[in-house]
(Lines of atoms letter the chains of each structure in order from A and count residues from 1; the text may use other names and numbers.)
(Lines give C-alpha, C1' and ligand atoms only; values in the text may rest on other atoms or scores of the structure.)
Protein backbone atom coordinates (compact mmCIF):
# COMPACT_ATOMS: atom_id res chain seq x y z
CA UNK A 1 0.00 0.00 0.00
CA UNK A 2 2.84 2.35 0.79
CA UNK A 3 4.35 1.92 -2.68
CA UNK A 4 0.98 2.60 -4.31
CA UNK A 5 0.53 5.77 -2.30
CA UNK A 6 4.06 7.00 -3.01
CA UNK A 7 3.60 6.39 -6.75
CA UNK A 8 0.29 8.26 -6.75
CA UNK A 9 1.88 11.08 -4.76
CA UNK A 10 4.64 11.43 -7.37
CA UNK A 11 1.99 11.70 -10.10
CA UNK A 12 0.09 14.25 -7.98
CA UNK A 13 3.25 16.35 -7.55
CA UNK A 14 3.81 16.36 -11.32
CA UNK A 15 0.19 17.41 -11.92
CA UNK A 16 0.51 20.08 -9.23
CA UNK A 17 3.61 21.54 -10.91
CA UNK A 18 1.75 21.75 -14.23
CA UNK A 19 -1.30 23.33 -12.59
CA UNK A 20 0.79 25.95 -10.79
CA UNK A 21 2.64 26.79 -14.02
CA UNK A 22 -0.66 27.19 -15.88
CA UNK A 23 -2.07 29.28 -13.02
CA UNK A 24 0.96 31.61 -13.07
CA UNK A 25 0.62 31.98 -16.85
CA UNK A 26 -3.10 32.72 -16.55
CA UNK A 27 -2.56 35.34 -13.84
CA UNK A 28 0.19 36.95 -15.93
CA UNK A 29 -2.06 36.97 -19.01
CA UNK A 30 -4.92 38.42 -16.95
CA UNK A 31 -2.75 41.21 -15.56
CA UNK A 32 -0.95 41.97 -18.80
CA UNK A 33 -3.74 41.65 -21.35
CA UNK A 34 -6.88 41.84 -19.24
CA UNK A 35 -7.98 38.29 -20.03
CA UNK A 36 -11.38 37.30 -18.68
CA UNK A 37 -10.84 33.53 -18.92
CA UNK A 38 -11.55 31.72 -15.62
CA UNK A 39 -8.53 30.43 -13.74
CA UNK A 40 -7.46 26.79 -13.85
CA UNK A 41 -8.36 26.24 -10.20
CA UNK A 42 -10.33 27.79 -7.38
CA UNK A 43 -8.94 28.52 -3.94
CA UNK A 44 -12.12 27.25 -2.31
CA UNK A 45 -11.81 23.93 -4.13
CA UNK A 46 -8.16 23.62 -3.09
CA UNK A 47 -9.03 24.22 0.57
CA UNK A 48 -11.92 21.76 0.46
CA UNK A 49 -9.74 19.10 -1.20
CA UNK A 50 -6.96 19.63 1.34
CA UNK A 51 -9.40 19.41 4.24
CA UNK A 52 -10.99 16.23 2.90
CA UNK A 53 -7.62 14.58 2.35
CA UNK A 54 -6.18 15.66 5.70
CA UNK A 55 -9.30 14.60 7.57
CA UNK A 56 -9.47 11.19 5.92
CA UNK A 57 -5.75 10.58 6.43
CA UNK A 58 -5.82 11.67 10.06
CA UNK A 59 -8.86 9.59 10.98
CA UNK A 60 -7.57 6.50 9.22
CA UNK A 61 -4.10 6.81 10.74
CA UNK A 62 -5.53 7.33 14.22
CA UNK A 63 -7.82 4.34 13.90
CA UNK A 64 -5.11 2.05 12.53
CA UNK A 65 -1.93 3.20 14.37
CA UNK A 66 -2.98 5.61 17.10
CA UNK A 67 -1.16 8.87 17.82
CA UNK A 68 2.25 7.32 17.23
CA UNK A 69 1.45 6.93 13.52
CA UNK A 70 0.71 10.62 13.00
CA UNK A 71 3.05 13.10 11.35
CA UNK A 72 1.72 16.65 11.12
CA UNK A 73 4.21 17.79 8.49
CA UNK A 74 3.54 14.81 6.22
CA UNK A 75 -0.21 15.24 6.56
CA UNK A 76 0.06 18.94 5.71
CA UNK A 77 2.32 18.32 2.70
CA UNK A 78 0.10 15.60 1.26
CA UNK A 79 -3.09 17.57 1.96
CA UNK A 80 -1.82 20.66 0.15
CA UNK A 81 -0.65 18.65 -2.85
CA UNK A 82 -3.85 16.66 -3.22
CA UNK A 83 -5.94 19.78 -2.50
CA UNK A 84 -4.43 21.61 -5.47
CA UNK A 85 -4.79 18.57 -7.73
CA UNK A 86 -8.41 18.14 -6.65
CA UNK A 87 -9.18 21.79 -7.40
CA UNK A 88 -7.72 21.46 -10.89
CA UNK A 89 -9.61 18.23 -11.52
CA UNK A 90 -12.88 19.75 -10.28
CA UNK A 91 -12.44 22.74 -12.59
CA UNK A 92 -11.68 20.41 -15.49
CA UNK A 93 -14.82 18.37 -14.84
CA UNK A 94 -16.98 21.49 -14.58
CA UNK A 95 -15.65 22.84 -17.88
CA UNK A 96 -15.88 19.50 -19.68
CA UNK A 97 -19.65 19.33 -19.34
CA UNK A 98 -21.08 22.80 -18.89
CA UNK A 99 -24.60 21.45 -18.79
CA UNK A 100 -23.79 19.43 -15.66
CA UNK A 101 -21.49 21.44 -13.38
CA UNK A 102 -22.23 19.01 -10.55
CA UNK A 103 -19.70 16.66 -12.15
CA UNK A 104 -17.06 18.85 -10.51
CA UNK A 105 -18.18 17.46 -7.16
CA UNK A 106 -17.05 14.00 -8.21
CA UNK A 107 -13.47 15.25 -7.96
CA UNK A 108 -13.84 15.50 -4.18
CA UNK A 109 -13.88 11.71 -3.92
CA UNK A 110 -10.21 11.79 -4.95
CA UNK A 111 -8.75 13.31 -1.76
CA UNK A 112 -10.92 11.14 0.48
CA UNK A 113 -9.73 7.95 -1.24
CA UNK A 114 -6.08 8.96 -1.20
CA UNK A 115 -6.38 10.14 2.39
CA UNK A 116 -7.61 6.72 3.47
CA UNK A 117 -4.83 5.08 1.44
CA UNK A 118 -2.20 7.32 3.05
CA UNK A 119 -3.58 6.67 6.52
CA UNK A 120 -3.55 2.91 6.02
CA UNK A 121 -0.08 2.99 4.46
CA UNK A 122 1.24 4.87 7.47
CA UNK A 123 3.32 7.30 5.43
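In my numbering, the protein residues as written are 15 to 137.
Glycine included, C-beta positions come from ideal geometry on N, C-alpha and C.
Three-way DSSP call (helix, strand, coil) for residue i in this model
i           : result
residue 80  : coil
residue 112 : coil
residue 15  : coil
residue 74  : helix
residue 54  : coil
residue 22  : helix
residue 136 : coil
residue 48  : coil
Residue from the options whose Cα sits closest to the Cα of residue i
i           : options           : result
residue 30  : 131, 55, 85       : 55
residue 27  : 112, 136, 114, 92 : 92
residue 104 : 122, 113, 24      : 122
residue 109 : 87, 17, 52        : 52
residue 119 : 106, 90, 42       : 106
residue 75  : 128, 21, 17       : 128
residue 135 : 79, 125, 69       : 79
residue 58  : 102, 40, 111, 124 : 102
residue 35  : 66, 50, 99, 47    : 99
residue 133 : 117, 124, 113, 69 : 69
Cβ-Cβ separation, residue j to residue i (assumed contact under 8 Å), whole Å
i           : j          : result
residue 97  : residue 61 : 7 Å
residue 95  : residue 23 : 7 Å
residue 71  : residue 87 : In fact, because the Cβ distance is near 13 Å, the residues do not count as touching under 8 Å.
residue 126 : residue 66 : 5 Å
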